[in-house]
Amino acid sequence: MVLVVAAIGVLFPVYYAVVGSVMGPNDLASYPPSLFPHSLHLDNFRDVFTVIPLGRQYLNSVLQAGLITLSQLITSVLAAYAFAFLPFRWRAGVFGVFLATLMVPWEAIILPNYLLISGWGLADTLPGLVLPFLVNAFGTFLLRQSFLQFPRDLRDAARVDGCSHLRFLWRILLPLQKPALAATAVYVFLSAWNQYFWPLLITSTPTMQTLQIGITQLRDAEAANPGLILAGVTLSLLPTLALVVFGQRFIVRGLVAGSSR
Amino acid sequence: MVSTDLAIASTRAADTVGARRRRRESFIAWLFLLPSLVGLGIFIFYPLVRSLYLSVHGNDIFGGAGAYVGARNYAQMLASSDFRHVLVNTLLFTLLTVVPGVLGALAVVLLLETRVRAIRVFRTAFAIPLAFSAASASVVFAVIYNPAIGVANGLLGQLGIDRIGWLTDPSIALLSVSITTVWMQFGFGVLVLAAGVGGISPEIFEAARLDGATGLRLARSITIPLLGPQLFFLVVVSTIQALQSFGQIHILTRGGPDGATTTLVYSIYQQAFAFGSSNFGLASAQALVLLLIVLACSAVQFGVLERKVHYS
Numbered sequence: 001m002v003l004v005v006a007a008i009g010v011l012f013p014v015y016y017a018v019v020g021s022v023m024g025p026n027d028l029a030s031y032p033p034s035l036f037p038h039s040l041h042l043d044n045f046r047d048v049f050t051v052i053p054l055g056r057q058y059l060n061s062v063l064q065a066g067l068i069t070l071s072q073l074i075t076s077v078l079a080a081y082a083f084a085f086l087p088f089r090w091r092a093g094v095f096g097v098f099l100a101t102l103m104v105p106w107e108a109i110i111l112p113n114y115l116l117i118s119g120w121g122l123a124d125t126l127p128g129l130v131l132p133f134l135v136n137a138f139g140t141f142l143l144r145q146s147f148l149q150f151p152r153d154l155r156d157a158a159r160v161d162g163c164s165h166l167r168f169l170w171r172i173l174l175p176l177q178k179p180a181l182a183a184t185a186v187y188v189f190l191s192a193w194n195q196y197f198w199p200l201l202i203t204s205t206p207t208m209q210t211l212q213i214g215i216t217q218l219r220d221a222e223a224a225n226p227g228l229i230l231a232g233v234t235l236s237l238l239p240t241l242a243l244v245v246f247g248q249r250f251i252v253r254g255l256v257a258g259s260s261r
Numbered sequence: 001m002v003s004t005d006l007a008i009a010s011t012r013a014a015d016t017v018g019a020r021r022r023r024r025e026s027f028i029a030w031l032f033l034l035p036s037l038v039g040l041g042i043f044i045f046y047p048l049v050r051s052l053y054l055s056v057h058g059n060d061i062f063g064g065a066g067a068y069v070g071a072r073n074y075a076q077m078l079a080s081s082d083f084r085h086v087l088v089n090t091l092l093f094t095l096l097t098v099v100p101g102v103l104g105a106l107a108v109v110l111l112l113e114t115r116v117r118a119i120r121v122f123r124t125a126f127a128i129p130l131a132f133s134a135a136s137a138s139v140v141f142a143v144i145y146n147p148a149i150g151v152a153n154g155l156l157g158q159l160g161i162d163r164i165g166w167l168t169d170p171s172i173a174l175l176s177v178s179i180t181t182v183w184m185q186f187g188f189g190v191l192v193l194a195a196g197v198g199g200i201s202p203e204i205f206e207a208a209r210l211d212g213a214t215g216l217r218l219a220r221s222i223t224i225p226l227l228g229p230q231l232f233f234l235v236v237v238s239t240i241q242a243l244q245s246f247g248q249i250h251i252l253t254r255g256g257p258d259g260a261t262t263t264l265v266y267s268i269y270q271q272a273f274a275f276g277s278s279n280f281g282l283a284s285a286q287a288l289v290l291l292l293i294v295l296a297c298s299a300v301q302f303g304v305l306e307r308k309v310h311y312s
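Protein chains in written order, with this note's numbering: chain A, 1 to 261; chain B, 1 to 312.
Listed below in structure tokens is the structure:
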């Protein structure tokens with residue numbers, strides 16, 4: 001019973017965002033407040049595209065989060081392979097340096113990064129949006145953990161058969177690491193898609209901005225019609241909602257890896 | 001004679017082959033690490049050094065670093081009553097988000113554990129806010145908090161309670177932002193603790209139940225102690241997340257009213273970017289304070305984990 005009340009409390013803002021998005025101004029401003037629509041206002045979903053360049057911003061967000069995810073996957077796989085399978089000098093020390101970067105709060109170094117990217121003339125561009133996030137030690141950490149579980153015999157056998165490192169990585173290791181790769185990808189995509197501070201600083205024209213910035217501008221532009229704001233929010237939630245509902249076990253896996261670090 | 005020579009020769013050959021292979025593997029290792037090292041160097045280590053540099057320099061009119069000023073930015077920061085206000089806000093905001101967030105998630109997980117059948121549905125329900133970004137959560141809460149048409153005041157009105165200036169009353173605003181933050185991060189806590197409960201072997205619960213432990217007793221003497229590592233992790237991570245919160249403050253209150261919701265991160269933003277101030281020196285000094293606080297939290301976490309490893 002307590003649980004049901006808690007669940008209703010937690011889900012209410014979600015319900016309100018989705019249901020409010022099809023309410024007209026009369027429903028949303030009524031007193032006592034109406035909690036379900038008296039008439040369907042699907043117009044909100046059409047109008048929102050005219051207030052902000054939502055389609056373009058959707059594309060920007062997909063490109064931004066997609067590029068960041070792809071790049072972090074590739075660089076993390078390579079680095080994790082080196083840490084897990086290849087002997088080299090200062091291996092423990094270099095790994096310590098990687099781990100140390102995870103403790104640095106991004107907000108503490110956002111100003112020098114802003115100066116760097118705008119100094120390169122990349123403010124308000126897609127490269128400027130993604131460059132600082134193409135590499136992150138989190139994926140390396142999570143994948144190394146998983147690579148270390150790989151049976152040594154199997155790897156030695158492959159090496160004796162003359163299998164090169166890249167071939168072993170691509171043909172044998174990665175196909176067996178799909179859950180760890182998925183966990184990394186889900187985590188990285190979610191955090192990239194949900195970014196706010198950096199896109200707010202580095203982009204200025206509406207057609208270069210991401211969805212997260214766009215929906216907050218709906219608030220400034222259309223305070224008189226909350227349904228429109230909620231329609232924008234609902235659209236922006238579709239990819240992450242799908243990931244949370246269907247990719248939950250990968251999120252849990254990422255969390256568990258995080259908690260054991 | 002001949003056979004020992006041969007043996008020596010062959011070990012030497014093996015040595016050189018082995019050494020060559022090791023050199024090759026070490027070369028490949030550095031090649032594989034190169035992209036990561038370059039990225040971390042440019043976008044984390046170089047900015048750290050530049051932060052330090054900016055914090056001991058003044059500003060020219062273009063926002064670039066001016067003359068060397070030593071510790072002046074730090075002295076100015078520590079002497080200002082605004083900065084003390086910022087630190088108090090940061091501490092309050094951290095307490096207001098971490099304590100209810102962790103206790104709430106713990107309560108939910110302890111209740112979940114007793115209703116095994118519905119567990120998946122409930123866990124998904126509690127995880128759904130994870131899909132919300134700081135921006136989307138804040139925009140939805142801004143509509144809910146709206147003083148005139150918001151559903152929060154609407155429902156309170158039904159109960160006969162006067163309208164509350166959720167975001168405009170200086171004594172309420174920090175609480176309102178905290179509520180939004182707790183809501184956003186609640187699912188994370190539930191997932192972490194639920195994974196912890198899932199990791200406890202069922203025999204322990206079985207044995208405790210055979211001994212007649214139920215409900216609160218089971219939670220107090222079995223589940224909560226065994227969840228120690230997850231609870232500790234959750235407290236540290238939520239604290240770090242609270243210290244880094246930016247979006248919900250920027251969208252809901254812009255640090256106001258009257259500075260009531262200006263936390264350390266928001267103050268850095270204001271010094272560097274808001275009101276055309278571009279005070280990069282002062283902003284960098286504050287950024288280093290943030291860095292030190294977060295590093296201290298990580299160090300505590302690391303230290304405790306180390307000790308746990310040693311004792312087990």
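Think of the CB as a built atom: it goes at the ideal place given N, C-alpha and C, for glycine as much as any other residue.
Pairwise C-alpha distance: V235(B) and V294(B): The straight-line gap from Cα to Cα measures roughly 13 Å.
N59(B) - DSSP class collapsed to helix/strand/coil: Of the three classes helix, strand and coil, the one that applies to N59(B) here is strand, per DSSP.
Here's a check: name, in chain order, each residue in its chain whose Cβ is nearer than 8 Å to the Cβ of A260(B), leaving out the five neighbours to either side. Take A260(B), set aside five residues on each side of it, and the residues of its chain with a beta-carbon closer than 8 Å to its own are N89, P170, S171, A173, L174 and T253, in chain order.
Can you say whether E107(A) is buried or exposed, counting buried as having 16 or more other CB atoms within 10 angstroms of its CB? Here E107(A) is buried, its C-beta having at least 16 other C-beta atoms within 10 Å.
Flag Q57(A) as yes if its beta-carbon sits less than 7 Å from any beta-carbon of chain B, otherwise no. Q57(A) does not count as touching chain B.
What's the C-alpha gap between L200(A) and I110(A)? Going by the C-alpha atoms only, they are around 12 Å apart.
Chain A beta carbons: is any one of them nearer than 7 Å to that of P147(B)? By the rule that beta-carbons nearer than 7 Å mark a contact, P147(B) does not touch chain A.
Range of the contiguous alpha helix (DSSP H) that encloses P199(A): Secondary structure note for P199(A): its alpha helix (DSSP H) is the uninterrupted segment F197 to I202.
From the DSSP output, in three-state form, read off A260(B) for me. It is coil, neither helix nor strand.
Measuring CA to CA, which of L190(A), Y81(A) and T101(A) is closest to L166(A)? Ranking L190(A), Y81(A) and T101(A) by Cα distance to L166(A) puts Y81(A) first.
Just to make sure I have the definition right: I need the residues of chain B whose C-beta is within less than 7 Å of the C-beta of S236(A). Which are they? The answer, in chain order, is S136.
Below-7 Å beta-carbon distance, A173(B) vs any chain A residue: No, A173(B) lies away from the interface with chain A (no Cβ there is under 7 Å from its Cβ).
Taking only the alpha-carbon atoms, compute the straight-line gap between V86(B) and Y53(B) and give it to the nearest angstrom. C-alpha separation (whole angstroms): 23 Å.
Would Q301(B) and A283(B) qualify as a contact pair, given that the criterion is a beta-carbon distance under 7 Å? 7 Å or more divides the Cβ of Q301(B) from the Cβ of A283(B).
Given a cut-off of 7 Å, decide if V135(A) and G315(B) are closer than it, judged by their beta-carbon atoms. Outside the displayed range of chain B (1 to 312) lies residue 315(B), so it cannot be described from this structure.
Min CB distance G18(B) to chain A below 7 Å: So, not an interface residue.
Answer with buried or exposed for S312(B), where buried requires no fewer than 16 other C-beta atoms within 10 angstroms of its C-beta. Because S312(B) sits at a pLDDT of 36, beneath the cut-off of 50, its placement in the model cannot be relied upon, and the following sentence gives the value as read from the coordinates. Under this definition S312(B) is an exposed residue.
Could you list which residues in chain A have their beta carbon closer than 7 Å to that of F280(B), in chain order? Here the neighbours are L111.
CB P132(A) to CB F45(B), shorter than 7 Å? Their beta carbons are not under 7 Å apart, which means P132(A) does not touch F45(B) by this criterion.
Report the partner residues of Y68(B) according to the DSSP bridge assignment. Beta-bridge partners assigned by DSSP to Y68(B): H57(B).
Range of the contiguous alpha helix (DSSP H) that encloses L181(A): It spans K178 to W193 - the alpha helix (DSSP H) in which L181(A) sits, taken as one unbroken run.
Rounded to whole angstroms, how far is the Cβ of Q286(B) from the Cβ of S238(B), which I believe are closer than 8 Å? Contact doesn't hold; Cβ gap of about 22 Å is too wide.
Distance between beta carbons of L230(A) and V140(B), contact taken as under 8 Å: Right, the Cβ-Cβ distance comes to about 7 Å (below 8 Å), so this counts as a contact.
Tell me, please, whether the CB atom of Y311(B) is closer than 7 Å to any CB atom in chain A? Because the pLDDT of Y311(B) is 43, which lies under 50, any placement of that residue in the model is unreliable, and the number read from its coordinates should be weighed accordingly. The beta carbon of Y311(B) does not come within 7 Å of any beta carbon belonging to chain A, so the residue lies off that interface.
What whole-angstrom Cβ distance do V252(A) and L218(B) have, given they're in contact under 8 Å? Their Cβ separation, rounded to whole angstroms, is 23 Å, which puts V252(A) and L218(B) out of contact at 8 Å.
Select from I144(B), V56(B), R20(B) and L37(B) the residue whose C-alpha is nearest the C-alpha of L99(A). It is L37(B).
Bounding residues of the alpha helix (DSSP H) (the contiguous stretch that carries E203(B)): Residues P202 to L210.
Considering only residues of the same chain and omitting the five flanking positions on each side of T234(A), which have a CB-CB separation below 7 Å? Here T234(A) has A17, V18 and S21 as same chain residues with Cβ atoms under 7 Å from its own Cβ, once five neighbours each way along the sequence are excluded.
I need the straight-line Cα distance from F36(A) to L130(B), nearest angstrom please. Rounded to whole angstroms, F36(A) to L130(B) spans 24 Å at the Cα level.
So, does the CB of F197(A) fall closer than 7 Å to a CB anywhere in chain B? Answer yes: the Cβ-Cβ gap between F197(A) and chain B drops below 7 Å somewhere.
I'd like to know if F292(B) contacts chain A, where contact means its C-beta is closer than 7 Å to some C-beta of that chain. In the sequence on display, residue 292(B) carries Leu and not Phe. Chain A contact via Cβ: absent.
Kindly give me the distance between the Cβ atoms of V108(B) and A242(B), rounded to whole angstroms, as I take these residues to be in contact under 8 Å. Contact doesn't hold; Cβ gap of about 20 Å is too wide.
Who are the neighbours of T124(B) on chain A, taking C-beta pairs under 9 Å? What T124(B) touches in chain A: V244, V245 and Q248.
Look up G281(B) in the DSSP assignment and say whether it is helix, strand or coil. DSSP places G281(B) in helix when its eight states are reduced to three.
Would you call the stretch 73–88 of chain A and the stretch 167–182 of chain A in contact, with 3 or more CB pairs under 8 Å? Counting Cβ pairs under 8 Å, three or more are found: they touch.
Output needed in chain order: residues of the stretch 200–224 of chain B with a Cβ under 7 Å from some Cβ in chain A. Listed by position, the residues of the stretch 200–224 of chain B near chain A (Cβ gap below 7 Å) amount to none.
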